[in-house]
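Undergrad: This structure is in structure tokens; I'll ask about it shortly.
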Amino acid sequence: MSELQLKEVREAVRKARASSAPGPSGTSYKVYKYCPKLLLRLWYILRVFRRRGRIPDQWRVAEGVWIPKEENSTQLDQFRIISLLCVEAKVFFSAVSKRLCTYLAENTYINTSVQKGGISGMPGCLEHTGVVTQLIREARENKGNLSVLWLDLENAFGSIPHKLVQFTLTKHHVPSRCRDLIADYYSNFRMRVSSGAITSSWHKVEIGIITGCTISVTLFSLAMNMLTKSAEPECRGPRTNSGQRQPPIRAFMDDLTVMTESVPGCRWILKGLEELVEWARMCFKPPNPDQWC
Numbered sequence: 001m002s003e004l005q006l007k008e009v010r011e012a013v014r015k016a017r018a019s020s021a022p023g024p025s026g027t028s029y030k031v032y033k034y035c036p037k038l039l040l041r042l043w044y045i046l047r048v049f050r051r052r053g054r055i056p057d058q059w060r061v062a063e064g065v066w067i068p069k070e071e072n073s074t075q076l077d078q079f080r081i082i083s084l085l086c087v088e089a090k091v092f093f094s095a096v097s098k099r100l101c102t103y104l105a106e107n108t109y110i111n112t113s114v115q116k117g118g119i120s121g122m123p124g125c126l127e128h129t130g131v132v133t134q135l136i137r138e139a140r141e142n143k144g145n146l147s148v149l150w151l152d153l154e155n156a157f158g159s160i161p162h163k164l165v166q167f168t169l170t171k172h173h174v175p176s177r178c179r180d181l182i183a184d185y186y187s188n189f190r191m192r193v194s195s196g197a198i199t200s201s202w203h204k205v206e207i208g209i210i211t212g213c214t215i216s217v218t219l220f221s222l223a224m225n226m227l228t229k230s231a232e233p234e235c236r237g238p239r240t241n242s243g244q245r246q247p248p249i250r251a252f253m254d255d256l257t258v259m260t261e262s263v264p265g266c267r268w269i270l271k272g273l274e275e276l277v278e279w280a281r282m283c284f285k286p287p288n289p290d291q292w293c
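Just so we're aligned: 52 in UniProt numbering is position 52 of the sequence shown, and the numbers increase by one with no gaps anywhere.
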């Protein structure tokens, strides 16, 4: 990793929302948005941390807030945790994340036709939906064969192992300085959660990535890209009317769409994905029967 540039820090602060809630430090983005001298001082401090390759303990703490996933949520699995982190850490890792995305894109280590989510400048939800819709429409019009599976990982962000993240970074030849920096960040991360007037004690985060962290989305997308690409050789994807072969697996973060020209092909890919996900100590979410009523 080369020296952190002032323009990278300015860009990270400029793109951040001024209304974002402050973390344990109590400092918001507004301080650095409207105080150029403080932003310059922050840049000096961030350069020191980058040279040392160590993350301060104050950056490795988070205040968690429970957010309901649906109406009338009562069970623990119906909530997700949003972490309130130090703004300084978010600015630093925003610059690191952008560098990592640039490195992966320039070396074609991540296939953006398969995984769109989490990659800067790559909107893909509408594109994925459009391709799937087109393939289904063409199969109906031509009375062809098309098998489609929609898969979702259960508690994907909270169950991805830290060792899988490090293994993924190594497989994609990410420089050791960047890998060590990320490993140090996750090595002793602590958080506590609040609900109403009750606050839990501090506990160490030993599994899962930190929601709200500016580099977590990139790390998750990279790990998912490795898993999906490993299952692709099981079967080829369908062809469009123009003759273009489509990838058999498309992903947007943890939401996967498997498309093949036969049911056995889908079964082979599903079997491969199940083995890979089990190897990663994760699991797919069982289907909800109410969704098909």
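Where is the CB? At the ideal position from N, CA and C, for every residue including glycine.
Can you determine whether any heavy atom of the ligand FAD sits closer than 6 Å to the C-beta of residue 260, and answer yes or no?
TA: Ligands displayed in this structure: none; no statement on the ligand FAD is therefore possible.
Undergrad: Can you give me the Cβ contacts of residue 92 inside the same chain, cut-off strictly under 6 Å, excluding the 5 residues immediately before and after it?
TA: Once the five neighbours on either side are set aside, the close Cβ partners of residue 92 are 46.
Undergrad: According to DSSP, what are the bridge partners of residue 295?
TA: The structure shown has nothing for residue 295, since the chain only spans 1 to 293.
Undergrad: With 16 as the cutoff for other CB atoms within 10 Å, does residue 96 come out buried or exposed?
TA: Its Cβ being crowded by 16 or more others within 10 Å, residue 96 is buried.
Undergrad: Do residue 168 and residue 223 count as a contact pair if the criterion is CB distance below 7 Å?
TA: Closer than 7 Å, so yes.
Undergrad: Given 8 Å as the limit, is there contact between the region 260-268 and the region 143-155, that is, 3 or more CB pairs closer than that?
TA: The answer is yes - the region 143-155 touches the region 260-268, with three or more Cβ pairs under 8 Å.
Undergrad: My assumption, with CB atoms under 8 Å, is that residue 158 sits in contact with residue 208. Please give the rounded CB distance.
TA: The pair is a contact, with the Cβ atoms about 4 Å apart (cut-off 8 Å).
Undergrad: On the premise that residue 162 lies in contact with residue 104, defined as a C-beta separation below 8 Å, what is that separation, rounded to the nearest angstrom?
TA: At roughly 19 Å, the Cβ-Cβ gap does not stay under 8 Å, so residue 104 and residue 162 are not in contact.
Undergrad: I'd like the list of long-range same chain contacts for residue 68, defined as Cβ closer than 6 Å, with 5 residues on each side in sequence excluded.
TA: Once the five neighbours on either side are set aside, the close Cβ partners of residue 68 are 79.
Undergrad: Kindly indicate which three-state DSSP category residue 291 falls into: helix, strand or coil?
TA: With a pLDDT of only 49 at residue 291, under 50, the local geometry of the prediction cannot be trusted, and the value read off the model is given with reservation. If DSSP states are grouped into helix, strand and coil, residue 291 belongs with the helices.
Undergrad: Got a sec? Which residues, its chain only, sit under 8 Å from residue 189 by beta carbon, not counting five neighbours each side?
TA: So the qualifying residues of the chain are 60, 61, 62, 204, 205, 210.
Undergrad: Quick one: what's got a C-beta closer than 7 Å to residue 154's C-beta in the same chain, skipping five residues either side?
TA: Cβ neighbours of residue 154 beyond the five flanking positions: 283, 284, 285.
Undergrad: Enumerate, from N- to C-terminal direction, the unbroken alpha helix (DSSP H) stretches of 4 or more residues contained entirely within the region 126-206.
TA: Runs found: 156-159, 162-171, 176-187.
Undergrad: Could you tell me whether the Cβ atoms of residue 198 and residue 228 are closer together than 7 Å?
TA: No, the pair does not count as a contact, with Cβ atoms beyond the cut-off.
Undergrad: Are the Cβ atoms of residue 135 and residue 238 separated by less than 7 Å?
TA: A contact, by the Cβ cut-off of 7 Å.
Undergrad: I'd like to confirm the pairing. Which residues does DSSP put opposite residue 255 in its beta bridges?
TA: BP columns for residue 255 point to 152, 252.
Undergrad: Grab me the residues of residue 3's own chain with a C-beta within less than 7 Å of its C-beta, minus the 5 sequence neighbours each way, in chain order.
TA: Cβ within range, chain order: 47.
Undergrad: With residue 79 as the anchor, note down where its alpha helix (DSSP H) starts and where it stops.
TA: Note, residue 79: premise wrong, no alpha helix (DSSP H); beta strand (DSSP E) at 79-84.
Undergrad: Which residues in the same chain have their Cβ closer than 7 Å to the Cβ of residue 291, if we skip the five residues on either side of it in sequence?
TA: Confidence in residue 291 is poor, its pLDDT being 49 and thus under 50, which makes the residue's placement unreliable; the coordinate value appears in the next sentence. Closer than 7 Å at the Cβ level, and outside the excluded window around residue 291, lies no residue.
Undergrad: Are any of the Cβ atoms in chain B nearer than 7 Å to that of residue 16?
TA: In the displayed structure, chain B is absent; only one protein chain is listed.
Undergrad: Which one of 73, 267, 55 has the shortest CA to CA distance from residue 318?
TA: With the chain running from 1 to 293 in the structure shown, residue 318 is simply not present.
Undergrad: Could you name the residues of the same chain whose beta carbon sits closer than 8 Å to that of residue 55, not counting the 5 residues immediately before and after it, in chain order?
TA: Once the five neighbours on either side are set aside, the close Cβ partners of residue 55 are 49, 89, 181, 184, 185.
Undergrad: Take the Cβ of residue 12 as the centre, count every other Cβ of all protein chains shown within 10 Å, and call the residue buried at 16 or more, exposed below.
TA: It is buried - the Cβ of residue 12 has at least 16 other Cβ atoms within 10 Å.
Undergrad: Restricting to Cα atoms, I'd like to know which of 14, 277, 25, 178 is closest to residue 335.
TA: With the chain running from 1 to 293 in the structure shown, residue 335 is simply not present.
Undergrad: Could you name the residues of the same chain whose beta carbon sits closer than 7 Å to that of residue 231, not counting the 5 residues immediately before and after it, in chain order?
TA: These residues qualify, in order along the chain: 249, 269, 272, 273, 276.
Undergrad: What number of angstroms, rounded off, separates the C-alpha of residue 201 from the C-alpha of residue 194?
TA: Rounded to the nearest angstrom, the two C-alpha atoms are 10 Å apart.
Undergrad: Looking only at C-alpha atoms, which of 160, 212, 41 sits nearest to residue 17?
TA: Checking every option, the nearest Cα to that of residue 17 belongs to 212.
Undergrad: Among 281, 14, 85, whose alpha-carbon lies nearest the alpha-carbon of residue 165?
TA: The option with the nearest alpha carbon to residue 165 is 281.
Undergrad: Straight-line CA distance for residue 102 to residue 27?
TA: C-alpha separation (whole angstroms): 29 Å.
Undergrad: Which word fits residue 251, buried or exposed, when buried means at least 16 other C-beta atoms lie within 10 angstroms of its C-beta?
TA: With 16 or more Cβ atoms within 10 Å of its Cβ, residue 251 is classed as buried.
Undergrad: For residue 65 and residue 160, I'd like the C-alpha separation in whole angstroms.
TA: Near 20 Å, if we compare the C-alpha coordinates of residue 160 and residue 65.
Undergrad: Drop a sphere of 10 angstroms on the beta-carbon of residue 218, count the other beta-carbons inside from all chains shown, and report buried for 16 or more, exposed for fewer.
TA: Label assigned to residue 218: buried.
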